[in-house]
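All remarks here apply to the structure that follows.
2 protein chains.
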Amino acid sequence: MENTSELLRQHDIKPSFTRVMIFDYLKENLNHPTVDEIFQALQTSLPTLSKTTVYNTLDLFIDKHLVQPLLMNQQKHYDLITDPHAHFKCERCDTIFDLDVKPPKLDKSTAANYHVYGTQLIYRGVCEKCQKHG
Amino acid sequence: MENTSELLRQHDIKPSFTRVMIFDYLKENLNHPTVDEIFQALQTSLPTLSKTTVYNTLDLFIDKHLVQPLLMNQQKHYDLITDPHAHFKCERCDTIFDLDVKPPKLDKSTAANYHVYGTQLIYRGVCEKCQKHG
DNA sequence: TATAAAACTGTAATCATTACAATTTTATAA
DNA sequence: TTATAAAATTGTAATGATTACAGTTTTATA
Numbered sequence: 001m002e003n004t005s006e007l008l009r010q011h012d013i014k015p016s017f018t019r020v021m022i023f024d025y026l027k028e029n030l031n032h033p034t035v036d037e038i039f040q041a042l043q044t045s046l047p048t049l050s051k052t053t054v055y056n057t058l059d060l061f062i063d064k065h066l067v068q069p070l071l072m073n074q075q076k077h078y079d080l081i082t083d084p085h086a087h088f089k090c091e092r093c094d095t096i097f098d099l100d101v102k103p104p105k106l107d108k109s110t111a112a113n114y115h116v117y118g119t120q121l122i123y124r125g126v127c128e129k130c131q132k133h134g
Numbered sequence: 135m136e137n138t139s140e141l142l143r144q145h146d147i148k149p150s151f152t153r154v155m156i157f158d159y160l161k162e163n164l165n166h167p168t169v170d171e172i173f174q175a176l177q178t179s180l181p182t183l184s185k186t187t188v189y190n191t192l193d194l195f196i197d198k199h200l201v202q203p204l205l206m207n208q209q210k211h212y213d214l215i216t217d218p219h220a221h222f223k224c225e226r227c228d229t230i231f232d233l234d235v236k237p238p239k240l241d242k243s244t245a246a247n248y249h250v251y252g253t254q255l256i257y258r259g260v261c262e263k264c265q266k267h268g
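So the sequences go chain by chain: L and A. Sequential numbering of the first sequence, starting at 1, is according to the numbering used here. Sequential numbering of the second sequence, starting at 135, is according to the numbering used here.
If you want it as structure tokens, here you go:
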């Protein structure tokens with residue numbers, strides 16, 4: 001997985017081995033993983049990894065606007081910032097689906113007052129599968 | 135604050151004194167309070183109120199689609215479902231501002247697969263005040 | 001008035017996140 | 001290379017919002 005280092009450097013992040021691993025995991029897993037999922041998944045390749053490091057690294061990525069946190073079910077989920085898109089969260093099975101809907105841009109007068117660097121559009125409801133079997 | 139009872143009844147909620155108080159508090163405080171804020175505010179008028187009751191009641195309101203939870207800063211904030219609108223969250227001072235922006239409706243083909251009963255549009259960034267004094 | 005159901009309470013447990021001090025690794029310069 | 005400082009990582013302990021749950025009170029019903 002090359003050029004992750006370059007990308008991190010471009011965002012003012014020193015590309016340590018751990019950081020590259022965590023970033024690449026996010027790149028290959030766009031299904032909004034939690035800290036725990038990332039930690040579990042990387043443990044075999046990084047046996048000394050600490051959960052605190054995962055937290056720290058993700059916070060760093062958020063700071064540098066590479067990652068966006070999604071708060072759901074009392075837990076943070078992490079999503080690489082790529083194309084603007086929306087999420088649907090099923091309240092029954094707690095699955096998060098990606099939707100190809102673009103969040104609206106703020107109009108000029110509003111945008112003048114706020115410096116926006118991330119948008120989050122979440123639809124809550126019940127997914128098809130859960131509707132079917134009660 | 136009349137007709138809250140009626141409204142609750144319409145949503146299949148028995149309008150106990152406590153429930154009406156909590157609902158009215160939300161109606162008069164559209165600034166997305168937390169459980170703790172609601173609990174503190176109502177303690178003088180409801181000295182025996184328990185925080186668990188506030189949690190239970192709000193969960194009930196959410197179930198009946200009267201209230202929408204907003205997860206921010208590792209805490210739930212509660213917002214009466216009124217006109218569709220968006221929120222801006224300042225990452226510096228953690229204030230949540232209301233924005234007069236309507237979340238887009240799902241197009242028919244998408245909406246066919248999901249039963250949506252709530253939408254949440256959140257812009258993250260830095261508010262004007264925080265931009266000014268670093 | 002008795003009984004069951006619903007609402008409410010209070011304490012204890014849970015669990016994601018944060019704080020923090022210690023250790024390891026990396027970069028820099030003598 | 002070696003010494004030193006800075007940065008990154010680790011592990012444990014604390015925090016704090018939320019939930020579980022059992023007991024109590026209130027409300028509705030027969």
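Glycine included, each C-beta is placed from N, C-alpha and C at the ideal position.
Helix, strand or coil, according to DSSP, for residue i in the structure here?
| i | result |
| --- | --- |
| residue 215 (chain A) | coil |
| residue 92 (chain L) | coil |
| residue 116 (chain L) | strand |
| residue 160 (chain A) | helix |
| residue 126 (chain L) | strand |
| residue 18 (chain L) | helix |
| residue 239 (chain A) | coil |
| residue 44 (chain L) | coil |
| residue 98 (chain L) | strand |
| residue 1 (chain L) | Per-residue confidence for residue 1 (chain L) stands at a pLDDT of 45, beneath the threshold of 50, marking its modelled position as unreliable; the derived number appears in the next sentence. Residue 1 (chain L) falls in the coil class under three-state DSSP. |
Round the Cβ separation of residue i and residue j to the nearest angstrom and send it over; I've been treating them as touching at under 8 Å.
| i | j | result |
| --- | --- | --- |
| residue 9 (chain L) | residue 57 (chain L) | Actually they do not touch by this definition, with Cβ atoms about 15 Å apart. |
| residue 123 (chain L) | residue 86 (chain L) | 7 Å |
| residue 261 (chain A) | residue 231 (chain A) | 7 Å |
I need the straight-line Cα distance from residue i to residue j, nearest angstrom please.
| i | j | result |
| --- | --- | --- |
| residue 25 (chain L) | residue 66 (chain L) | 13 Å |
| residue 147 (chain A) | residue 198 (chain A) | 8 Å |
| residue 116 (chain L) | residue 4 (chain L) | 25 Å |
| residue 246 (chain A) | residue 223 (chain A) | 31 Å |
| residue 206 (chain A) | residue 17 (chain L) | 31 Å |
| residue 51 (chain L) | residue 35 (chain L) | 8 Å |
| residue 30 (chain L) | residue 82 (chain L) | 10 Å |
| residue 28 (chain L) | residue 108 (chain L) | 35 Å |
| residue 132 (chain L) | residue 95 (chain L) | 15 Å |
| residue 189 (chain A) | residue 240 (chain A) | 31 Å |
| residue 92 (chain L) | residue 59 (chain L) | 29 Å |
| residue 46 (chain L) | residue 74 (chain L) | 27 Å |
| residue 37 (chain L) | residue 178 (chain A) | 44 Å |
Determine, using beta carbons only, whether residue i and residue j come nearer to each other than 8 Å.
| i | j | result |
| --- | --- | --- |
| residue 252 (chain A) | residue 118 (chain L) | no |
| residue 80 (chain L) | residue 101 (chain L) | no |
| residue 203 (chain A) | residue 210 (chain A) | yes |
| residue 22 (chain L) | residue 7 (chain L) | no |
| residue 32 (chain L) | residue 78 (chain L) | yes |
| residue 244 (chain A) | residue 99 (chain L) | yes |
| residue 39 (chain L) | residue 49 (chain L) | yes |
| residue 15 (chain L) | residue 238 (chain A) | no |
Suppose only complete runs of 4+ residues qualify. What are the alpha helix (DSSP H) ranges in the stretch 49-74 of chain L, listed by chain order? Complete alpha helix (DSSP H) runs here, min 4: 51-63.
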